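Visitor: Below are the structure tokens for one structure; questions will follow.
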Amino acid sequence: MSVSPILSALRRHKAGVVLIGLQIALTLAIVCNAIFIIGERIERMNRPTGIVERDLFLIQQAWVNAPSEEIEGSSQKLGAMQQEDLLALRQLADVESVAPTTSMPLLDSSWNEGIRLDPEQQQQTARVSFYLGDEQLLPTLGLRLVAGRTFTSADILHQGLRDIRQPPVVIVTKAIADLLFPHGDAVGKVVYLAGTHKPITIIGVVERLQVPGLNRWTASFAYNSVVLPIQREGFFAFYAVRAKPGRLQAAMQAAPAALYKVNPLRVFADIKTPAQSFAAIRARAYRDDIGMAILMGAVCLILLGVTAAGIVGLTSFWVGQRQHQIGIRRALGARRIDILRYFQTENLLIASGGAMVGLVLAFILNLWLIRHYEMSRMPLIYVLTGVVAVLVLGQLAVFVPARRASMVPPVVATRSV
Amino acid sequence: MFDYYLDLAWRSLRRSPGLTVLMVLAIGFGVAASMTTYSVFRAVSGDPIPWKSSKLFVPQIDPWGPSGRASDGEPPDALTYTDAMALMHAHRAKLQSAMYRISPSLVPEQTGQHPINVSGHAVYGEFFPMLDVPFLYGAGWSADDDAHQAPVVVISGELNRKFFGGANSVGRSLSMDGKDYRVVGVMGDWNPQPRFYDLASSANFNAIGEGVFIPFERGIAAGIYNSGNTNCYEPTKGAGFIGLQQSSCTWVSYMALLDSSAAASQYRQYLDSYAREQQQAGRFHWAPNNLLRDVPAVLDHQGVVPSDTRISLLVALGLLVVCLVNTVGLMLAKFLRRSSEIGVRRALGAPRRALYAQFLIEAGLIGAAGGALGLLLTGAGVMSVGLVFRPEIAALARLDWSLLGITMVLAVGATLLAGLYPTFRAARVQPAWQLKSN
Chain A
1 MSVSPILSAL RRHKAGVVLI GLQIALTLAI VCNAIFIIGE RIERMNRPTG
51 IVERDLFLIQ QAWVNAPSEE IEGSSQKLGA MQQEDLLALR QLADVESVAP
101 TTSMPLLDSS WNEGIRLDPE QQQQTARVSF YLGDEQLLPT LGLRLVAGRT
151 FTSADILHQG LRDIRQPPVV IVTKAIADLL FPHGDAVGKV VYLAGTHKPI
201 TIIGVVERLQ VPGLNRWTAS FAYNSVVLPI QREGFFAFYA VRAKPGRLQA
251 AMQAAPAALY KVNPLRVFAD IKTPAQSFAA IRARAYRDDI GMAILMGAVC
301 LILLGVTAAG IVGLTSFWVG QRQHQIGIRR ALGARRIDIL RYFQTENLLI
351 ASGGAMVGLV LAFILNLWLI RHYEMSRMPL IYVLTGVVAV LVLGQLAVFV
401 PARRASMVPP VVATRSV
Chain B
1 MFDYYLDLAW RSLRRSPGLT VLMVLAIGFG VAASMTTYSV FRAVSGDPIP
51 WKSSKLFVPQ IDPWGPSGRA SDGEPPDALT YTDAMALMHA HRAKLQSAMY
101 RISPSLVPEQ TGQHPINVSG HAVYGEFFPM LDVPFLYGAG WSADDDAHQA
151 PVVVISGELN RKFFGGANSV GRSLSMDGKD YRVVGVMGDW NPQPRFYDLA
201 SSANFNAIGE GVFIPFERGI AAGIYNSGNT NCYEPTKGAG FIGLQQSSCT
251 WVSYMALLDS SAAASQYRQY LDSYAREQQQ AGRFHWAPNN LLRDVPAVLD
301 HQGVVPSDTR ISLLVALGLL VVCLVNTVGL MLAKFLRRSS EIGVRRALGA
351 PRRALYAQFL IEAGLIGAAG GALGLLLTGA GVMSVGLVFR PEIAALARLD
401 WSLLGITMVL AVGATLLAGL YPTFRAARVQ PAWQLKSN
């Protein structure tokens, strides 16, 4: 079908054409970016933690009557209090294993430092997050060892909160091992902590362990975790607990009660949920991302709905306006399908024009978001998908009024109005 | 005439109910999305203490030198214990307080109840008048109490309800971290958002207000640990809390009330002379690198408004623009469909002004209907912001008269604006053409 009659007809409806085109352009620009935001958030939420998340929970607690660390002999007392807790938890029927820990992936509470290959070098080789725990930490979190050995109880140091001694051995993630020793021979090699000259030997490599931090900065070293064989013994202690398969709820019920029984003078980080399942930690960590995805999804739906409705409305008006002309065309031999095609082609032309403008607007909006909100660059596929989506949307929306137009009988041509 | 046009508008809207419903829906949704996200934005970007925020200042002193500075070259947000104590002793501002965040545990008097954790701050007595903290019972403490490390405590109204049944508890005793404190004041509702007095070590937004305030020097003497952020350039040399106090780690926040810009510049000079003294004494090996920002500047610099909130508002405004473009198109169709009617009215002598009035009233009517729908949807939206924003922030979004007013004004105003072009086109209809074709 020739498009020239369509173009000349459109020239008589400049305002309407421009308005539909503009609406499609803006819709495309916003929808592409909104879907890109949703995609980014989903990707973020899908990052693996490296731990076995099922049946795992965390208890964060502090003792009310803990002796001050400055007092002589307090460290033995604090160590004994923690040992008592661990024993009580390990004796529970529904508990598989327990380990003291300083953090968890997605907990957003982290201790980050730089490590070096050479104590004299000025710049750090890699930025890392530390996890401190005993020999039970690896099995409790469900970490998979890919090289070397795990900790034994002989490796574990017992330290107060601000004790700054360093352990002689560590376990690192494969991400760090590959970064520091690309030949895959990290086990047995030596690294140094910032500002120290004490060599630390890598004895094991775990497949993956995400750092606890959640912000943009920690995302730049998301899998650079180092496990130190240190049992921290201060006025507070966190316990990672793995329940027996399928016994998570029962274990989460029993654990706080068991701890209160050992020593009632303690407080939990959140009195309402003394034991936090890892699922709850995950939900909390990503609640902003889920919320943003919901909001952007809702905005997209409303936008597409409004734009489709706008196309239906304006095309219906045009159909009504052109009843007479449609009747004449039908009387001159045009088939119903020709009328239908006419309006569909007309919409395709307008929508294509709008999509061209929208494509440019989408990239401008993306650039602006990159500049002001640290977003990343939108891949072309999002915009191309968006273009196809608005064209299809236009065709679907125009079908209703176009079908009505095709129903106009030829006899209309003989009527004066 | 207004009644007549209103009647005309009503008839016209009823003649094409589909188109009318479409326009009302578009405006309703567009306005509601914008206003819902705006309610959140307004809540997080507001000034928490508008009557004196420009007089409250946060000093920053560089204890680490050039190699410890962030990429922007700024000193850390908080102070070292040493510097905070020096500023307190110099006492150069009208009112001032060093402070650090604490999280002590309280042991209820009744047996059988578990101890609970509360958040709070160790502050100086001047904190309360400086920030106009409201009191239900009693008041803050005196400079004398500060100096004598008195075991006194100011508690929140909520804690007072939980521990003392809401009665006047001034003079009663509270067991905190195993030691007894005497209640001297019970605060009224006070949970400013963002928590502007200690942005350096608190989350910006907190659903739960602070429970306890104790004298700063009491907290130090009793060894109540800092529970806020601690930033260190080098490892602490000594052990424990005392080691932290002697270290160059920054963990003490500070706020000073300076009444005039002259007072502020004097304070700046004082900070520089203090840093120079430290340089001469050999503690600092660099030229003074201090900052003194007022509360609005600190809020701005810390980027307190989450970027998600801004992006949401922007996207929602984009949605509103699309809805308005949509409305322009539909109104154009609707008005021009009545070209013959316009032609007759013009031929009978109606001036353009009358047509403007008629069509703008129609647009206004659509806007009002869209606004009414927008009000309902905004109400629903504000109720459900908890689905989208984190609880601390969602709790701040309020549906109040001003939000409802803005919603209505935005709906009617935007629709009138959208109606301008269609009205202009309708008023330009040539009567002769229309009459001829009939």
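Residue numbers (UniProt numbering), protein chains in the order written: chain A, 1 to 417; chain B, 1 to 438. Where a beta carbon is used, it is the ideal one built from N, C-alpha and C, also for glycine. This structure is a prediction, so every number in the text was calculated from the model and none was measured.
Can you tell which of B:168, B:184 and B:162 has its C-alpha closest to the C-alpha of residue 150 of chain B?
Guide: Among B:168, B:184 and B:162, the Cα nearest to that of residue 150 of chain B belongs to B:184.
Visitor: Hey, would you say residue 273 of chain A sits closer than 7 Å to residue 225 of chain A, going by beta carbons?
Guide: Cβ distance not < 7 Å, so residue 273 of chain A and residue 225 of chain A don't count as in contact.
Visitor: Residue 170 of chain B and residue 136 of chain B: beta carbons closer than 7 Å?
Guide: Cβ distance not < 7 Å, so residue 170 of chain B and residue 136 of chain B don't count as in contact.
Visitor: If contacts are defined as beta-carbon pairs under 8 Å, then residue 370 of chain B and residue 28 of chain B qualify, I think. What distance do you get, rounded to the angstrom?
Guide: Indeed they touch by this definition, with Cβ atoms about 5 Å apart.
Visitor: Could you give the residue range of the beta strand (DSSP E) that holds residue 175 of chain B?
Guide: Unbroken beta strand (DSSP E) run through residue 175 of chain B: 173-176.
Visitor: Kindly indicate the opening and closing residues of the beta strand (DSSP E) around residue 343 of chain A.
Guide: Careful: residue 343 of chain A lies outside any beta strand (DSSP E), inside the alpha helix (DSSP H) at 336-373.
Visitor: Any beta carbon of chain B sitting closer than 7 Å to that of residue 327 of chain A?
Guide: Judged by the 7 Å Cβ criterion, residue 327 of chain A is not in contact with chain B.
Visitor: Report all residues from its chain with a CB closer than 7 Å to the CB of residue 94 of chain A; omit the five preceding and five following residues, and keep chain order.
Guide: Once the five neighbours on either side are set aside, the close Cβ partners of residue 94 of chain A are 243, 244, 247, 250, 251 and 254.
Visitor: If contacts are defined as beta-carbon pairs under 8 Å, then residue 413 of chain A and residue 324 of chain A qualify, I think. What distance do you get, rounded to the angstrom?
Guide: 7 Å between Cβ atoms; contact.
Visitor: Taking only the alpha-carbon atoms, compute the straight-line gap between residue 317 of chain B and residue 203 of chain B and give it to the nearest angstrom.
Guide: Their Cα atoms are separated by approximately 28 Å.
Visitor: Within 10 angstroms of the Cβ of residue 2 of chain B, are there 16 or more other Cβ atoms? Answer buried if so, exposed if not.
Guide: Residue 2 of chain B comes out exposed.
Visitor: State the Cα-Cα distance for the pair residue 438 of chain B and residue 316 of chain A, rounded to the nearest angstrom.
Guide: Reliability of the predicted coordinates at residue 438 of chain B is poor, the pLDDT of 49 falling under 50, and the value obtained from them is presented with this limitation in mind. Each residue's Cα considered, the two are about 22 Å apart.
Visitor: Considering only the alpha carbon of each residue, which of A:67, A:36, A:9 and A:157 lies closest to residue 369 of chain A?
Guide: Of the candidates A:67, A:36, A:9 and A:157, the one whose C-alpha sits nearest the C-alpha of residue 369 of chain A is A:36.
Visitor: Should residue 55 of chain B be labelled buried (16 or more other beta-carbon atoms within 10 Å of its own) or exposed?
Guide: Looking at its Cβ environment, which holds 16 or more other Cβ atoms inside 10 Å, residue 55 of chain B is buried.
Visitor: Could you tell me the distance, in whole angstroms, from the CA atom of residue 7 of chain A to the CA atom of residue 342 of chain A?
Guide: Cα to Cα, residue 7 of chain A sits roughly 11 Å from residue 342 of chain A.
Visitor: In this structure, what does DSSP give as the bridge partners for residue 389 of chain B?
Guide: Its beta-bridge partners do not exist; DSSP assigns none.
Visitor: Report the residues of the stretch 180-203 of chain B with a CB closer than 9 Å to any CB of chain A, ordered along the chain.
Guide: Cβ contacts with chain A: none found.
Visitor: Compute every distance between the C-beta of residue 388 of chain A and the non-hydrogen atoms of the ligand ADP, then say whether any falls below 6 Å.
Guide: For the ligand ADP, the structure offers nothing, since it holds no ligand at all.
Visitor: Could you tell me whether the Cβ atoms of residue 309 of chain A and residue 22 of chain B are closer together than 7 Å?
Guide: Against a cut-off of 7 Å, the Cβ pair of residue 22 of chain B and residue 309 of chain A comes out as a contact.
Visitor: I believe residue 222 of chain A touches residue 336 of chain A by the beta-carbon criterion, under 8 Å. Please report the beta-carbon distance rounded to the nearest angstrom.
Guide: About 60 Å separates the two Cβ atoms, so there is no contact after all.
Visitor: Less than 7 Å between C-beta atoms, sequence neighbours within five positions excluded: which residues of the same chain meet that for residue 156 of chain B?
Guide: The answer, listed in chain order, is 187, 209, 210 and 211.
Visitor: I need the boundaries of the alpha helix (DSSP H) containing residue 130 of chain B, first residue and last residue.
Guide: From DSSP, the alpha helix (DSSP H) with residue 130 of chain B extends over 127-130.
Visitor: Can you tell me whether DSSP reads residue 104 of chain A as helix, strand or coil?
Guide: Here residue 104 of chain A sits in coil by DSSP.
Visitor: Check whether the Cβ atoms of residue 281 of chain A and residue 107 of chain A lie closer than 7 Å to each other.
Guide: Against a cut-off of 7 Å, the Cβ pair of residue 107 of chain A and residue 281 of chain A comes out as a contact.
Visitor: Rounded to whole angstroms, what's the CA-CA distance from residue 256 of chain A to residue 84 of chain A? Just pull it up for me.
Guide: The alpha-carbon atoms of residue 256 of chain A and residue 84 of chain A are separated by roughly 14 Å.
Visitor: Closest to residue 176 of chain A by C-alpha separation, out of A:140, A:127 and A:374, would be which residue?
Guide: Measuring from the Cα of residue 176 of chain A, the nearest candidate turns out to be A:127.
Visitor: Looking at the C-beta of residue 115 of chain B, does it have a partner C-beta in chain A at a distance below 7 Å?
Guide: Yes, residue 115 of chain B counts as interfacial toward chain A.
Visitor: Would you give the residue range spanned by the beta strand (DSSP E) that residue 307 of chain A belongs to?
Guide: Element bounds for residue 307 of chain A: not the beta strand (DSSP E) but the alpha helix (DSSP H), 287-321.
Visitor: List the residues of chain B whose Cβ lies closer than 8 Å to the Cβ of residue 23 of chain A, in chain order.
Guide: 322, 325, 326 and 329, listed in chain order.
Visitor: Name the chain B residues whose beta carbon is nearer than 8 Å to that of residue 263 of chain A?
Guide: Near residue 263 of chain A there are no residues of chain B at all, since even the closest Cβ is about 11 Å away, more than 8 Å.
Visitor: Which same chain residues end up closer than 6 Å to residue 21 of chain A when comparing Cβ atoms and leaving out the 5 residues on each side of it in sequence?
Guide: Same-chain partners within the cutoff: 350, 353 and 354.
Visitor: Please report whether the beta-carbon of residue 224 of chain B lies at a distance below 7 Å from any beta-carbon of chain A.
Guide: So, not an interface residue.
Visitor: Would you mind telling me which residues of chain B sit closer than 7 Å to residue 287 of chain A, beta carbon to beta carbon, in chain order?
Guide: Chain B residues near residue 287 of chain A: 390.
Visitor: Quick check: the Cα distance between residue 15 of chain A and residue 307 of chain A, rounded to an integer number of angstroms?
Guide: One C-alpha to the other measures close to 16 Å.
Visitor: Any residues in the stretch 5-19 of chain B with a beta carbon nearer than 7 Å to a beta carbon of chain A? Which ones, in chain order?
Guide: Against chain A - using a Cβ distance shorter than 7 Å - the residues of the stretch 5-19 of chain B are 19.
Visitor: Alpha carbons only, please: which of B:427, B:108 and B:312 is nearest the one belonging to residue 265 of chain A?
Guide: When only C-alpha atoms are compared, the closest one is B:108.
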